[in-house]
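**Q**
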DNA sequence: GCTTATCAGATTGTATACATGTATACAATA
DNA sequence: TATTGTATACATGTATACAATCTGATAAGC
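Below you can see the structure in the form of structure tokens.
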């Protein structure tokens, strides 16, 4: 199934895509989809061969991803998919609660009819999704669509990065069958409150949603070590 | 457990400083001190010559700084010191208020005697400082010392980046004579509330401090364009 | 047996050289 | 005069080559 998604990266008048961008996007996507696992090493030569380029633009891409918190670079040792411990996961989730409820509260008064419809249609799509990768992508799109009306680009970028660096753990051990129903119900609660223009309620549901996610991540994360 | 994860790298501490780090730190400092002005171009060759290295590690440093929001990179055009507009300044200040009051509230219960003394001594130093560069550095150190006891490294890094990307505007047109007294008084208010372990009051004073800073930045920023 | 030393192979870091894109100045044209 | 096209200089992007560093396995020492 092919879905039309809103363009994710706000490109400042870029006419074309540079090699480092292409590589960074590939790695970012692979990490989001858990095709590249936490702790896994990313070898420059291997990536360079895969894209038919030299290691220099690959290094640029890895630096970029380091800035987004997806990759850790150790001098003379290499690049590794970031693998935060439980405490760091908690820390990032608390930051997400802070920033995402903030963005949502700003967004609620600004929602247009089209923006509501986009959110609704994304939820409808979520119902019929069975595999992790698609769920992850559409879930991401739904949350992005929720916050987008706040119109604060730097805030949205920050939220994107924080989500990206921890959300993959939610999809690592769990299957859509297990988390699907809870997630969908919570998403609908949030959206409904937004449609009623009740920012405080929406933020409350969002916080509950995130705290439940954190609890699930914590429970499986403890097993993983 | 189906998936086996590689062991986490145990050594995040860096024994030595790499060339890109040295260059990044130099540029970062120069931007903080307003020796490099907003909008100014950073040429790779020039920086490479200055440090006696090639452009490759310079490029690494610029990528790093891009991730911190201090530098904007335009493909085939070059690197420029970031020059946020008034709306972006407002946005970042709101984020700072959100994150810094959050960190401070977490920090207040954790303060040790030594940490209070560090804050006090930094304020004492601030009294006898007359030039912008020193003021900026010690002001930065005071705020960092305020939030450090929250012990959340990722949060602290985020705050540092946000401060760095906008705080320099506060020192761009104003002189210590003009902003010194207000700043010092507000800093003392905040610290005193912390010492009384009154987190809510401390956060309130901090927010007022930041809002006044924003107002000053806005007033001169409008002139600067 | 356990720890430490050592060395080859592999991987990253950087310098150099070349390719490509961009900006400035000037000429050509309407 | 204003606009468009073109040449040149310059800065950035990337490939290649080489140097520095790390890893892992084997050997030496206690």
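Protein chains in written order, with the numbering used here: chain A, 652 to 876; chain B, 652 to 876.
Ideal placement from N, C-alpha and C gives every residue a C-beta, glycine not left out.
(1) Kindly indicate which three-state DSSP category residue 724 of chain B falls into: helix, strand or coil?
(2) With distance defined between alpha-carbon atoms, name the residue in B/781, B/803 and B/774 nearest to residue 755 of chain B.
(3) Around the C-beta of residue 738 of chain B, are 16 or more other C-beta atoms found within 10 angstroms, so that it is buried, or is it exposed?
(4) Give me the Cα-Cα distance between residue 827 of chain B and residue 681 of chain B, rounded to the nearest whole angstrom.
(5) Along the region 791-808 of chain B, where does the CB come closer than 7 Å to a CB of chain A? Name the residues.
(6) What residues match up with residue 732 of chain B in a beta bridge as DSSP calls it?
(7) Does residue 698 of chain A come out as helix, strand or coil in the three-state DSSP assignment?
(8) Could you work out which residues of chain A lie near residue 811 of chain B, taking near to mean beta carbons separated by less than 7 Å?
(9) Roughly how many whole angstroms lie between the Cα atoms of residue 846 of chain B and residue 772 of chain A?
(10) State the start and end residues of the unbroken alpha helix (DSSP H) segment that holds residue 815 of chain A.
(11) In whole angstroms, give me the CA-to-CA distance for residue 683 of chain B and residue 818 of chain B.
(12) Where does residue 691 of chain A sit, in a helix, a strand or coil, going by DSSP?
(13) Cβ atoms of residue 858 of chain B and residue 748 of chain B: under 8 Å apart, would you say?
(14) Tell me whether residue 849 of chain A sits in a helix, a strand or coil according to DSSP, three-state version.
(15) Can you pull the chain A residues whose beta carbon is under 8 Å from the beta carbon of residue 717 of chain B, in chain order?
(16) At which residues does the alpha helix (DSSP H) containing residue 781 of chain A begin and terminate?
(17) Measure the beta-carbon distance from residue 721 of chain B to residue 679 of chain B and round it to whole angstroms, keeping in mind my assumption that it falls under 8 Å.
(18) If contact is defined by three or more beta carbon pairs under 8 Å, each pair taking one atom from either stretch, is the region 751-766 of chain A in contact with the region 722-730 of chain A?
(19) Looking only at C-alpha atoms, which of B/863, B/867, B/852 and B/864 sits nearest to residue 753 of chain B?
(20) Which bits of chain B does residue 759 of chain A rub up against, with CB to CB less than 9 Å?
(21) How would you label residue 661 of chain A, buried or exposed, when you count the other beta carbons within 10 angstroms and need 16 or more for buried?
(22) Of all the CB atoms in chain A, is at least one closer than 8 Å to the CB of residue 746 of chain B?
(23) Applying the criterion that 16 or more other CB atoms from any shown protein chain within 10 Å of the CB defines a buried residue, is residue 814 of chain A buried or exposed?
(24) Quick one: which chain B residues come within Cβ less than 7 Å of residue 743 of chain A?
(25) Can you find a CB in chain A that lies within less than 8 Å of the CB of residue 726 of chain B?
(26) Given a cut-off of 8 Å on the beta-carbon distance, is the pair residue 718 of chain A and residue 715 of chain B in contact?
(27) By DSSP, does residue 713 of chain A sit in helix, in strand, or in coil?
(28) Cα separation between residue 801 of chain A and residue 744 of chain B?
(29) With a threshold of 16 other CB atoms inside 10 Å of the CB of residue 709 of chain B, please say whether the residue is buried or exposed.
(30) Kindly say whether residue 753 of chain B, judged by its beta-carbon, lies nearer than 8 Å to any beta-carbon of chain A.
(31) Excluding sequence positions up to five away, which residues of its chain have a Cβ less than 8 Å from the Cβ of residue 809 of chain A?
(32) Taking only the alpha-carbon atoms, compute the straight-line gap between residue 689 of chain A and residue 696 of chain A and give it to the nearest angstrom.
**A** With the given structure in hand:
(1) Strand, per DSSP.
(2) When C-alpha distances from residue 755 of chain B are compared across B/781, B/803 and B/774, the shortest belongs to B/803.
(3) Exposed is the call here.
(4) 19 Å
(5) 803, 805 and 806
(6) B/722
(7) helix
(8) Correct list: empty, because the minimum Cβ distance to chain A is about 14 Å.
(9) Computed Cα separation, rounded: 52 Å.
(10) 804-821
(11) 8 Å
(12) coil
(13) yes
(14) coil
(15) 715 and 718
(16) Counting along the chain, residue 781 of chain A falls outside any alpha helix (DSSP H), and DSSP gives it neither H nor E.
(17) 6 Å
(18) no
(19) B/852
(20) Those within 9 Å of residue 759 of chain A in chain B number zero; the least Cβ separation is about 16 Å.
(21) With a pLDDT of 27 at residue 661 of chain A, under the threshold of 50, the modelled position of this residue cannot be trusted; read the value that follows with caution. Exposed.
(22) yes
(23) buried
(24) 805, listed in chain order.
(25) So, interface residue.
(26) Yes, Cβ-Cβ distance for residue 718 of chain A and residue 715 of chain B is below 8 Å.
(27) helix
(28) 16 Å
(29) Classification of residue 709 of chain B: buried, given that the 10 Å Cβ count is 16 or more.
(30) yes
(31) Counting only Cβ-Cβ distances below 8 Å, and skipping sequence neighbours, we find 750.
(32) 20 Å
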